[in-house]
Amino acid sequence: MQSNSALFPRNFRKEYPIAGRGEGCWIIDQNGRRFLDASGQAAVVSIGHGVAEIGRAMAEQCSRIAFAHTTQFHSEPAEKLAQRLLALAPQNFRSRGRVYFTSGGSEATETAIKLARQFHLESNQPARYRVVSRRQSYHGSTLGAMTVSGNVARRAPYQPLLAEWGHVAPCFCHHCPFDKKFPDCAIACASDLDDFLNTNDAASVAAFIFEPVVGATLGAAVPPDGYVQRIAEICRKHSILLIADEIMSGMGRTGKPFAIQHWNVEPDIILVGKGIASGYAPLGAVLASPRVVETFERGSGAFQHGFTYQAHPVTTAAANAVLDYIEMRKLFQCVQPAAENLRAELSALSTHPHVGEVRGLGLLLAIEFVKDKSTREPFPKEQNIAERIRQAALDQNVLIYPTQGCVDGINGDHILLAPPFIISDSESALIARALHLALQKVFLT
Ligand SMILES: Cc1ncc(COP(=O)(O)O)c(C=O)c1O
């Protein structure tokens with residue numbers, strides 16, 4: 010324990026090395042120890058660590074103007090970035106969509122909740138305020154974002170502070186909440202939203218929020234074809250907004266700019282964070298489709314919301330420089346081949362008796378560990394498998410993102426792999442080798 014630290018840590022029982030430098034997929038600590046960042050920290054770092062031109066772009070913007078309050082000014086980098094994000098978004102955003110920048114993912118979720126509420130006020134539907142979401146999901150750590158999150162462990166301590174707007178079934182074929190199999194299931198998990206709305210005062214619902222690919226909570230759970238399309242239809246039928254939380258899955262991580270583009274669905278609102286500035290600056294964004302924008306324009310004309318640091322010139326300059334870097338090196342197009350290579354390296358692990366599934370889309374991948382492969386029974390929570398695998402991989406100098414609870418909110422162990430898009434074949438081989446040794450150590454195989 011770093012008893013001389015003045016930082017309030019995530020965990021007082023853990024030791025934290027000091028990150029000194031970053032180089033591509035590597036983080037080097039103060040003592041010179043090199044760690045291979047197989048999870049992009051938390052699916053944040055897309056272009057790699059230590060790209061000097063991002064810092065130069067930020068310094069350049071700082072030296073011109075670092076801050077101008079959004080009640081009085083807009084800034085060039087924020088305007089430019091908004092245009093670029095809309096051009097990457099699904100078709101319905103491209104003409105007359107707008108972007109609201111925040112300082113991170115949770116603020117983006119908060120903004121979307123309030124945007125949905127005020128959208129319905131502006132549409133003369135004042136009864137609509139609830140934002141329905143799914144069990145086994147995560148949308149952020151602030152109270153509004155926690156309210157719509159369905160992550161049991163992260164929500165538990167704050168339960169008394171949270172509103173109950175309703176959660177529907179997750180879409181998770183590996184542990185189907187209805188014990189069904191695709192396609193015979195007829196996507197019962199999507200129908201669960203319709204059933205919920207039909208029996209739970211749909212007239213008071215403002216929006217439905219979901220992660221197109223569930224990141225941390227379920228471990229890169231990809232819906233079967235038809236799910237996202239059906240969810241969009243149900244939202245339309247009940248006149249509620251569809252919010253796609255792409256804070257983890259967006260900005261190229263799944264091989265397309267936004268994961269929802271894999272299913273050709275046009276949501277009303279998209280949330281972005283993490284990869285938008287690849288960790289070089291704290292930034293999030295809410296993309297509002299013209300349907301939402303025009304309702305505000307025709308209505309009161311003002312969104313009753315705001316943060317001092319929204320649309321910050323320096324953070325948006327960082328994101329523009331990141332996008333320049335991505336475009337110059339065609340990094341979105343690198344995701345699919347890099348993912349195929351990493352999956353090929355990981356394929357030997359699939360036969361391990363305690364690997365339940367290797368899953369994901371693009372470079373948002375997860376490995377789930379099970380006690381019994383045939384029944385998919387998880388290990389007891391107390392065995393702390395995911396954390397022990399993390400520690401064993403760390404012993405091999407490889408950084409991964411462990412989580413528990415994927416099966417039922419409490420039990421179930423998985424690790425997330427979300428390396429920078431520049432991951433090389435030899436680095437993927439190193440990740441696979443470290444995981445192989447980690448599994449040997451934890452499972453004594
Ligand atoms: C899907 C999703 N939404 C929201 C958030 C919250 O973002 P932040 O931690 O930047 O507030 C996260 C963070 O992990 C996330 O994965």
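If you count by this note's numbering, then the sequence shown holds residues 10 to 454, one letter each, in order.
Yeah, the Cβ is synthetic: ideal placement off N, Cα and C, and Gly gets one too.
As the structure is a prediction and not an experimental result, all values here were calculated from the model.
Under the three-state DSSP convention, the category residue i falls into
i, result
"Gln413", "strand"
"Phe430", "coil"
"Gln74", "Looking at the sequence shown, residue 74 is not Gln but Ile. Three-state result, Ile74: coil."
"Ala165", "helix"
"His423", "strand"
"Ala215", "strand"
"Gln11", "With a pLDDT of 49 at Gln11, under the threshold of 50, the modelled position of that residue is not reliable, and the figure given next carries that caveat. Coil at Gln11, not helix or strand."
"Thr156", "helix"
"Glu2", "Summary: the structure shown does not reach residue 2, with the chain confined to residues 10 through 454, and so no result is reported for it."
"Ser142", "strand"
"Val69", "Reading off the sequence shown, one finds Glu at residue 69, where the question assumed Val. Residue state, collapsed to three classes: helix."
"Glu24", "coil"
"Leu340", "helix"
"Phe187", "coil"
"Leu227", "coil"
"Val237", "helix"
"Leu8", "This structure leaves residue 8 out entirely; the chain is present only between 10 and 454."
"Gly365", "strand"
"Ala328", "helix"
"Ala51", "helix"
"Val60", "coil"
"Leu206", "helix"
"Val323", "helix"
"Ala195", "coil"
"Val451", "helix"
"Ala438", "helix"
Beta-carbon gap between residue i and residue j smaller than 8 Å
i, j, result
"Arg103", "Ala96", "yes"
"Ala290", "Val237", "no"
"Gly228", "Arg262", "no"
"Val223", "Ala215", "no"
"Arg126", "Tyr138", "yes"
"Val416", "His129", "no"
"Leu425", "Ser48", "yes"
"Val295", "Leu152", "no"
"Ala225", "Tyr167", "no"
"Gly308", "Glu119", "no"
"Ser207", "Gly175", "Note that residue 207 corresponds to Asn in the displayed sequence, not to Ser. Cβ distance not < 8 Å, so Asn207 and Gly175 don't count as in contact."
"Ala401", "Lys339", "no"
"Ala327", "Ala75", "no"
"Ser248", "Ala136", "no"
"Ser84", "Ser115", "no"
"Arg144", "Pro169", "no"
"Ala4", "Ala52", "Outside the shown range of the chain (10 to 454) lies residue 4, about which nothing can therefore be said."
"Phe378", "Gly369", "no"
"Gln319", "Thr111", "yes"
"Val141", "Phe205", "yes"
"Gly288", "Gln50", "yes"
"Phe217", "Ile252", "yes"
"Pro507", "Arg399", "A query on residue 507 cannot be resolved here, the shown segment of the chain reaching from 10 to 454 and no further."
"Ile196", "Arg239", "yes"
"Ile63", "Val301", "no"
Nearest-angstrom Cβ-Cβ length linking residue i and residue j, presumed shorter than 8 Å
i, j, result
"Cys194", "Pro186", "The Cβ separation is near 10 Å, so there is no contact."
"Ala117", "Leu280", "4 Å"
"Val344", "Leu372", "5 Å"
"Asp254", "Glu220", "5 Å"
"Lys89", "Asn329", "6 Å"
"Ile431", "Gly33", "6 Å"
"Pro299", "Asn13", "Actually they are not in contact, since the Cβ atoms of Pro299 and Asn13 sit about 54 Å apart, beyond 8 Å."
"Thr360", "Ala87", "Incorrect: roughly 50 Å between the Cβ atoms, too far for contact."
"Gly414", "Ala162", "6 Å"
"Ile278", "Ala121", "5 Å"
"Gly235", "Ala348", "Not really, about 23 Å apart at Cβ, beyond 8 Å."
"Pro429", "Asp46", "7 Å"
C-beta neighbour in chain B for residue i, strict 8 Å
i, result
"Arg22", "This model lacks chain B altogether; it includes just one protein chain."
Would the stretch 47-62 and the stretch 332-341 be scored as touching if the rule is three or more Cβ pairs under 8 Å?
As far as the Cβ criterion goes, the stretch 47-62 touches the stretch 332-341, which means the pair count is three or higher.
Check whether the stretch 312-319 and the stretch 384-400 are in contact - that is, three or more C-beta pairs closer than 8 Å.
Flag = no, the stretch 312-319 and the stretch 384-400 do not touch.
Assess, as a yes-or-no matter, whether the stretch 396-408 is touched by the stretch 436-444 under the definition of 3 or more beta carbon pairs within less than 8 Å.
Yes, since at least three Cβ pairs between the stretch 436-444 and the stretch 396-408 fall closer than 8 Å, the two stretches touch.
Examine the Cβ distances between the stretch 239-246 and the stretch 373-389 and report whether three or more of them are shorter than 8 Å.
Flag = no, the stretch 239-246 and the stretch 373-389 do not touch.
Determine, using beta-carbon pairs with one atom in the stretch 38-48 and one in the stretch 412-423, whether at least three such pairs fall under 8 Å.
No: the two stretches stay apart, fewer than three of their Cβ pairs being nearer than 8 Å.
Are three or more beta carbon pairs between the stretch 346-360 and the stretch 428-437 nearer than 8 Å?
Yes, the stretch 346-360 is in contact with the stretch 428-437.
List in chain order: all unbroken alpha helix (DSSP H) runs of 4+ residues lying wholly within the stretch 252-308.
The stretch 252-308 is shown to contain whole alpha helix (DSSP H) runs of 4 or more residues at 299-307, in chain order.
Just list the alpha helix (DSSP H) runs in the stretch 89-119, keeping only unbroken ones of 4 residues or longer that don't cross its boundaries, in chain order.
Taken in chain order, the complete alpha helix (DSSP H) segments of 4 residues or longer contained in the stretch 89-119 are 100-103.
Which parts of the stretch 377-415 are runs of the alpha helix (DSSP H), unbroken and 4 residues or longer, counting only runs that do not cross its ends?
You should have 394-404.
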